[in-house]
Amino acid sequence: MGIHNKVFSTCVFLVWFCFCLPGSIWVAEASHVVYPELQSVSPSIVDSQYRTGYHFQPPKNWINDPNGPMYHNGIYHLFYQYNTNGSVWGNIVWAHSVSFDLINWIPLEPAIYPSKKFDMNGTWSGSATLLPGNKPVIFYTGIDPQGRQVQNLAFPKDLADPYLREWTKPDYNPVIQPDASIEPSKFRDPTTAWFGLDGLWRIVIGSRRKMRGMAMLYRSRDFVRWVKAKHPLHSSKDTGMWECPDFFPVSLKGKRGLETSVSGPGVKHVLKVSLDMTRYEYYTMGTYYHMIDRYIPDNSSADDHTGLRYDYGNFYASKTFFDEAKQRRILWGWSNESDTVNDDKTKGWAGIQTIPRALWLDPSGKQLVQWPVEELETLRGKQVNLYDKELKSGDIYEVKGISSAQADVEVSFEISGLDKAEPFEEFWSDPQVLCGQKGAAVEGGVGPFGLLVLASGDREEQTAVLFRVFKAPNKHVVLMCHDPSKSSLRPGVYKPNFAGFVDVDINKTKKISLRSLIDHSVVESFGAEGKTCITSRVYPSKAIGQDAHLFVFNNGSEDVRITQLSAWEMTTPRMN
């Protein structure tokens, strides 16, 4: 269950008790701010000014978590949390769209919605699994009459329907209920199931015990009768509630994805959790000991909110699935709005899904790598190129020839030297804080350099996507940063900077690459071929449509050379 964090006046729910102030309700157990007076206000007009052109979003209303994406009989299915009646969180159903290419989508009627006693108060997030015989099943969290979070199954009504339009919920639900050891309001978001060598299915459900995040493990022989394991698959202290867990294998070599039940030699496992407490995600990589059903993370990264992230920006409640057609693992994530609830009401919509990304293990074995699915390139239209362009200190150069409000930009930078790199202080452990101190306007040694996107012609508005290189005692440290501090002249817009460190040997190569997907109100960036990824939501008032400009810049004292830049206008998918 994802997060919505726009707070004005609040009414705080603790389990199912609350105290209220007029105006809105804070649902602490699901981390959503609830606006009862707006939940069922269907927009009469949809404002398209900030709507994306090639990201997934329905024509109107609120969306959040991607649920149970899957590939089945030649068709990609995307389910997602959706308010059928308004542009704020509420009235949540499992909306459903299908695609043959992950780019052009056909909307269908909701697949799952409250209709039975076991989900009468909500149909929240979950996952899809393919059973023997290629039969899909959905595992989802329902909210029962007592407000408990219980786990339910749903099956396609007609397997002969290629779109799987209708789903049925057996009356024997719920198949998993919280026992006395589990807080009933902290027990949600079942994972895709995996099948063990012992003939048992397994799933993980997010929970917590006091402030310890828990991946609760359940086993079943028939997918109906489930038994809780004595120990969780994994847990970590001081991380709070674990939402939207995801557990899957990756190959130690190459980019080929693995089906969720694969284990053994040549495989590493990934456990990702969405942290209710920090409103970010993190993942670890490690070893799954299937004989004892325990996951032990490697020591290569922290097992808490300071650990590795898929995306260091506005990205939450993610879910992966195995794409059998192209033998790859694909990642979906939700990017929430960062303007106000009143803006959402005026727009008539809120939330997008980020571009689906292929995901694999970096050759170093220390982290995952992500890259937009190759199908996205079919939307590339008019192209401009720039070769061997030198950027001296203070240079800003406009890339002309395309409409850059809806664009895909790839650029490779080469640094002339590292002698001017600023010293790296030990207390700079948080890249987001460092980005706030060392943004695009702060002159440096090696960097900041990068792109200015969704910029007005006079650069009063701009979102900077930048790199900056520091000198630590034994290595150079590369910071990648989204600096949207000048992204909008509109008052009251939330403009957080986001950043992550990039694990590259810049001393050896003197080169680093960047790809940015620009789509009106969202910027998704991929540094060093997808080692570090950042997503931001921005709302310019001048840099809109044909008035949006694209620049490259260097605000460091060391010269930087663009060896190649290619930028494409992106067309809009046929169905969206």
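In terms of mature numbering (1 follows the signal peptide of the UniProt record, and there is no 0), the sequence shown is residues -30 to -1, 1 to 546. Cβ coordinates follow ideal geometry from the N, Cα and C atoms, glycine included. All values derive from a computational prediction rather than experimental measurement.
Three-state secondary structure (DSSP) of N312 | helix
Excluding the five sequence neighbours on either side, which residues of its own chain have a C-beta within less than 8 Å of the C-beta of N31, listed in chain order?
-> S12, P13, Y52, N53, T54, N55, G56, S57, G318, W319, A320
Using the rule of at least 16 other Cβ atoms within 10 Å of the residue's Cβ for burial, across every protein chain shown, is Q516 buried or exposed?
-> exposed
Please determine, among L228, R195, A185, V220, the residue with the shortest C-alpha to C-alpha distance to T209.
-> A185
Give me the Cβ distance between E380 and S536, rounded to the nearest whole Å; I'm assuming they're in contact under 8 Å.
-> 5 Å
Host beta strand (DSSP E) of T433 (start-end) = 432 to 441
Tell me, please, whether the region 483 to 494 touches the region 404 to 414 by the rule of three or more beta-carbon pairs shorter than 8 Å.
-> no
Which of helix, strand or coil does DSSP assign to N477?
-> helix
Counting only beta-carbon atoms, is S506 nearer than 7 Å to chain C?
-> In the structure shown, chain C does not exist; there is a single protein chain.
V508 by DSSP, collapsed to three states: which one?
-> coil
Between G415 and K390, is the Cβ-Cβ spacing less than 7 Å?
-> yes
Buried or exposed by the 16-neighbour rule on C-beta atoms within 10 Å, applied to M90 | exposed
Distance between A498 and A442 (C-alpha atoms, nearest Å) = 20 Å
With C-beta atoms as the reference, is I108 less than 7 Å away from A98?
-> yes
Let me know the secondary structure DSSP gives D293 once reduced to three states.
-> strand
Taking V339 as the reference, which of D263, V240, I476 has the closest Cα?
-> V240
Is D216 helix, strand or coil when you go by DSSP?
-> strand
Residue burial classification, E528 (beta-carbon count within 10 angstroms, cutoff 16) = buried
Terminal residues of the continuous beta strand (DSSP E) containing Q376?
-> 376 to 385
Per DSSP, cross-strand counterpart(s) of G453 | Residue 453 is actually Asp in this sequence, not Gly. Partner(s): A434.
In terms of alpha-carbon separation, which member of K87, N74, N37 lies closest to R544?
-> N74
Kindly indicate the opening and closing residues of the alpha helix (DSSP H) around G406.
-> 401 to 407
Any idea what DSSP makes of F88, helix, strand or coil?
-> helix
Using 10 angstroms around the beta-carbon of S495, count the other beta-carbons present and answer buried if the total reaches 16, otherwise exposed.
-> buried
Taking the runs of the beta strand (DSSP E) that are 3 residues or longer, which of them lie wholly in the region 100 to 127?
-> 105 to 113, 119 to 126
Between the region 268 to 276 and the region 290 to 301, do three or more beta carbon pairs fall short of 8 Å?
-> no
Pick helix, strand or coil for Q516, following the three-state DSSP scheme.
-> helix
Could you tell me whether the region 188 to 205 touches the region 251 to 265, where touching means 3 or more Cβ pairs closer than 8 Å?
-> yes
Residue from D114, K336, I482 with nearest C-alpha to V220 = K336
Span separating the alpha-carbon of A377 from that of V194 | 47 Å
Could you tell me the boundaries of the beta strand (DSSP E) in which A328 lies?
-> 327 to 331
For F26: DSSP bridge partner residues | Q323
Count the C-beta pairs between the region 220 to 235 and the region 301 to 319 that are closer than 8 Å, then say yes if the count reaches three, no if not.
-> no
DSSP bridge partner residues for P393 (one or two, in chain order) = K441
May I ask which residues mark the beginning and end of the beta strand (DSSP E) holding residue 563?
-> Missing from the structure shown is residue 563; the chain here goes from -30 to 546 and no further.
CB-CB under 8 Å to N43, same chain, minus the five flanking residues each way: which ones, in chain order?
-> N104, P132
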